[in-house]
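Student:
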Amino acid sequence: MKKASPVSRSGRFARGPAAEVAAFTESVSFDWRLWRHDLLGSLAHARMLAQVGVLTRSELGAITRGLQEIGAEIEAGRFRWKPELEDVHMNLEAALTRRAPAGAKLHTGRSRNDQVALDVRLWLRDEISALAQETQALQRALVELGARHAGVVIPGYTHLQRAQPVYFAHHLLAYVEMFQRDRERLCACFGRVNVCPLGSGALAGSTLPLDREFVARELGFVGPDGRPRLSQNSMDAVSDRDFAVEFCAAAALGAVHLSRLSEDLILWSSREFNFIQIADAYTTGSSLMPQKKNPDVAELTRGKTARVIGNLVALLTLLKGLPMTYNRDLQEDKERLFDTADTVRAGMRLMAAMLAHVTVNAAACAAAARDPLLLATDVADYLVKNGMAFRQAHHVVGAVVARAEQLGRPLDRLTLAEWQAVHPAFGADVADVFDLEKAMARRQLPGAPGTAEVKRQLARWRKALG
Ligand code: ARG
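Note that the numbering used here has the sequence shown beginning at 896, numbered continuously upward.
#1: In chain order, what are the residue ranges of uninterrupted beta strand (DSSP E) at least 3 long that sit wholly in the segment 1259 to 1290?
#2: Using 8 Å as the threshold, is the C-beta distance between A995 and G961 below it?
#3: Is it true that the CB of E1029 sits closer than 8 Å to the CB of C860?
#4: Taking 7 Å as the cut-off, does the CB of L1217 come closer than this to any heavy atom belonging to the ligand ARG?
#5: In whole angstroms, give me the CA-to-CA distance for A1320 and V1349.
#6: So what does V1255 bridge to, in DSSP terms?
#7: P1092 and S1126: beta carbons closer than 8 Å?
#8: To which residues of the same chain is A1193 closer than 6 Å at the C-beta, ignoring the five residues directly before and after it?
#9: Counting pairs of Cβ atoms below 8 Å between the segment 919 to 939 and the segment 1007 to 1021, do you hit three or more?
#10: How would the residue list near the ligand ARG read, in chain order, if you kept each one whose beta-carbon is closer than 5 Å to any heavy atom?
#11: Out of R910, A1241, E1313, which has the shortest C-alpha to C-alpha gap to A1032?
#12: Rounded C-beta distance between L987 and A941? I'm assuming under 8 Å.
#13: Would a C-beta distance cut-off of 8 Å place R1202 and T1238 closer than the cut-off?
#14: In the DSSP assignment, find the beta strand (DSSP E) that holds G906 and state where it starts and stops.
#15: Where does Q1056 sit, in a helix, a strand or coil, going by DSSP?
#16: To the nearest angstrom, how far is it from the Cα of S900 to the Cα of S1154?
#17: Rounded to whole angstroms, how far is the Cβ of T1220 from the Cβ of L1098, which I believe are closer than 8 Å?
#18: Considering only the alpha carbon of each residue, which of A1263, A1145, E981 lies closest to R1076?
#19: Within a Cβ cutoff of 6 Å, which residues of the same chain sit near R1007, ignoring the five residues on either side of it in sequence?
#20: In whole angstroms, what is the alpha-carbon distance linking R1005 and G1096?
#21: Cβ of L1225 within 8 Å of Cβ of R1087?
#22: Are the beta-carbon atoms belonging to L879 and L1306 less than 8 Å from one another?
#23: Could you check the C-alpha separation between S903 and A1012 for me, to the nearest Å?
#24: Excluding the five sequence neighbours on either side, which residues of its own chain have a C-beta within less than 7 Å of the C-beta of D1273, listed in chain order?
#25: Measure the Cβ-Cβ separation of N1245 and D1228 and say whether it is below 8 Å.
#26: Identify the continuous alpha helix (DSSP H) that holds E1029 and give its terminal residues.
#27: Between V1071 and V1038, is the Cβ-Cβ spacing less than 8 Å?
#28: Pick helix, strand or coil for L1048, following the three-state DSSP scheme.
#29: Mind pulling the alpha helix (DSSP H) runs of 4 or more residues that sit fully within the segment 1049 to 1115?
#30: Below 8 Å on the Cβ atoms is my contact criterion, and I expect A1111 with P1119 to pass it. Report the Cβ-Cβ distance as a whole number of Å.
#31: DSSP state of G1345, grouped into three classes?
#32: Let me confirm a value: A913 is counted as buried when at least 16 other C-beta atoms fall within 10 Å, else exposed. Which label applies?
#33: Determine contact between the segment 1275 to 1287 and the segment 1247 to 1261, defined as no fewer than three beta-carbon pairs at a distance below 8 Å.
#34: Assuming A1027 and R973 make a contact with CB atoms under 8 Å, what is their CB distance in whole Å?
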């Protein structure tokens, strides 16, 4: 009989796969980054095996030391990953068995199918926490930028046409709300990631008396009630990637929010708007046009959203035709997942840093916000307050706007006679409608861009975000 290789499936096969096949099927070139979580999972599994009497104390000691040494070696960049050992799991197990013969017992009652499900869940828990933190830091940056320019008013837009005045801070706080929901989605996703699949074996559990609750507790798979959270169906546990899809969906939505914010920054920093300037460090020049300063960070944040959305679609497509249970197709989940986590996290981080380096052109904002047409709806409201039906008021103000256009004068430069020529309901006090400061103070509804309300929202977010 040929000598047993340090890992797994050697008995059944006369020789290893052809080089081309190995290159096609290996995953260690990307899943190596699960090493820390793989070691953690192995450590917990080994402790459990000792607990139930499969490993002796000294075997557990040898395995523990071996795993720790391997971790230190990887950390120091001295570990040699071998593609012929296929994936991170077999690389680490082989390295352990070389050090400690007891390593050959580590895979007792375990399959790479429940092992990889475990590793990805452990890894994702950390990623979710990190992404949620970056998202919160971005929220803080938005609130701070808004608070630094609390008095600045800009036109709000619909259809990219000037609509009504809003505080610059109100516009930014809209994104704070979006990112808050992103964090809530990540948090909900975390709850479903935080379930321990280990003990599900290849697909059908194990005949050995494993202690699943022990492993779950060791690895922090514990609910808010303090009870261990175990997957309840072994077949589901090894083939479920819902949690990965959910993460990619939540992250994709976060990326879409980043992309929209990027688009606003790009527009605002154009000469046409000129509301803000983005610091040089977050822009680049043109190789040809000497005057150019391009908002590349914002553009790439918008652009990279495409791949994040693509990753979500790739995962859904990967899963849709899979028969139960584990299929090797599932190995394709990792690069999509890694790319999403890396891309969105970097996007959140860079956006927060860039916002800290944005200057606001208060004069250009004020000039745009002074456009009296932004207050046409307020004029209609004025008529409504004087008893006119809104539909009629809308029509009357439309006629005034047309008249002003005819006269070639801004709306707030019409004489009382000109107002009254359109409708006698107008009084001299219509001029007050165009006092922007008063107009902003009038917006008192919860969630409206009024002076007091925006101040209240800024304070609320500052407190909530710490
Ligand atoms: N590299 C594999 C993956 O990422 C690990 C599980 C392999 N299991 C198997 N039975 N071949 O999904």
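Note that beta-carbon positions come from the ideal geometry of N, C-alpha and C, so glycine has one too.
Tutor: Let me lay it out:
#1: none
#2: Walking along the sequence shown from the start, residue 995 turns up at place 100. Walking along the sequence shown from the start, residue 961 turns up at place 66. Yes; because the gap between Cβ atoms is below 8 Å, this pair is in contact.
#3: Residue coverage of the chain in this structure runs from 896 to 1361, which leaves residue 860 outside it and unanswerable.
#4: For this step, residue 1217 is matched to residue 322 along the sequence shown. Flag unset: Cβ of L1217 not near the ligand ARG.
#5: Within the sequence shown, residue 1320 is the residue found at index 425, counting from 1. Within the sequence shown, residue 1349 is the residue found at index 454, counting from 1. For A1320 and V1349, the distance between alpha carbons rounds to 32 Å.
#6: Position 360 of the sequence shown holds residue 1255. Its beta-bridge partners are I1171.
#7: Against the sequence shown, residue 1092 aligns to sequence position 197. Against the sequence shown, residue 1126 aligns to sequence position 231. Cβ atoms of P1092 and S1126: closer than 8 Å.
#8: Indexing the sequence shown from 1 puts residue 1193 at position 298. Cβ neighbours of A1193 beyond the five flanking positions: S1157, L1160, I1161.
#9: yes
#10: S922, D982, R1007, V1011, L1225, Q1226
#11: Reading the sequence shown from its first residue, position 137 is the one you call residue 1032. When each option's Cα is compared against that of A1032, the closest is A1241.
#12: Taking the first residue of the sequence shown as 1, we reach residue 987 at position 92. Taking the first residue of the sequence shown as 1, we reach residue 941 at position 46. In fact, because the Cβ distance is near 12 Å, the residues do not count as touching under 8 Å.
#13: If you number the sequence shown from 1, residue 1202 lands on position 307. If you number the sequence shown from 1, residue 1238 lands on position 343. Yes, these two residues count as a Cβ contact at 8 Å.
#14: By 1-based counting over the sequence shown, the position of residue 906 is 11. Where G906 is concerned, there is no enclosing beta strand (DSSP E), given that its DSSP letter is neither H nor E.
#15: One-based indexing of the sequence shown puts residue 1056 at position 161. The answer is strand: DSSP assigns Q1056 an E or B state.
#16: One-based indexing of the sequence shown puts residue 900 at position 5. One-based indexing of the sequence shown puts residue 1154 at position 259. For S900, the predicted model reports a pLDDT of 49, less than 50, meaning its position is unreliable; a value from the coordinates is still stated below. Approximately 50 Å, taken between the alpha carbons.
#17: Position 325 of the sequence shown, counted from the first residue, corresponds to residue 1220. Position 203 of the sequence shown, counted from the first residue, corresponds to residue 1098. Their Cβ separation, rounded to whole angstroms, is 4 Å, which keeps T1220 and L1098 in contact under 8 Å.
#18: Counting from 1 along the sequence shown, the entry for residue 1076 is found at position 181. Closest by alpha carbon: A1145.
#19: Taking the first residue of the sequence shown as position 1, residue 1007 is located at position 112. Answer for R1007: H984, listed in chain order.
#20: Mapped onto the sequence shown, residue 1005 falls at position 110. Mapped onto the sequence shown, residue 1096 falls at position 201. If I take the Cα positions, the gap works out to 5 Å.
#21: What you label residue 1225 is simply residue 330 of the sequence shown in a count that begins at 1. What you label residue 1087 is simply residue 192 of the sequence shown in a count that begins at 1. Contact: no.
#22: Summary: the structure shown does not reach residue 879, with the chain confined to residues 896 through 1361, and so no result is reported for it.
#23: Here the question's residue 903 lines up with position 8 in the sequence shown. Here the question's residue 1012 lines up with position 117 in the sequence shown. Since pLDDT at S903 reaches only 48, below the 50 mark, its modelled position is unreliable, and no value is offered.
#24: The residue given as residue 1273 occupies position 378 in the sequence shown. Closer than 7 Å at Cβ, skipping near neighbours: V1328, A1334.
#25: Residue numbering aside, residue 1245 sits at position 350 when the sequence shown is read from its first letter. Residue numbering aside, residue 1228 sits at position 333 when the sequence shown is read from its first letter. Looking at the sequence itself, residue 1245 is Leu, so the reference to Asn does not match. No, these two residues do not count as a Cβ contact at 8 Å.
#26: Here residue 1029 refers to the residue found at position 134 of the sequence shown. Unbroken alpha helix (DSSP H) run through E1029: 1007 to 1043.
#27: On the sequence shown, position 176 is the one that residue 1071 refers to. On the sequence shown, position 143 is the one that residue 1038 refers to. Contact: yes.
#28: What you label residue 1048 is simply residue 153 of the sequence shown in a count that begins at 1. In the sequence under discussion, the amino acid at residue 1048 is Val, which differs from the Leu named in the question. Strand, per DSSP.
#29: 1063 to 1088, 1107 to 1113
#30: Counting from 1 along the sequence shown, the entry for residue 1111 is found at position 216. Counting from 1 along the sequence shown, the entry for residue 1119 is found at position 224. In fact, because the Cβ distance is near 14 Å, the residues do not count as touching under 8 Å.
#31: As a position in the sequence shown, residue 1345 is number 450, starting the count at 1. Correct three-state label for G1345: coil.
#32: Translated into positions along the sequence shown, residue 913 becomes position 18. Counting Cβ neighbours within 10 Å, A913 comes out exposed, since fewer than 16 surround it.
#33: no
#34: As a first step, residue 1027 must be located in the sequence shown, where it is residue number 132. As a first step, residue 973 must be located in the sequence shown, where it is residue number 78. Their Cβ separation, rounded to whole angstroms, is 33 Å, which puts A1027 and R973 out of contact at 8 Å.
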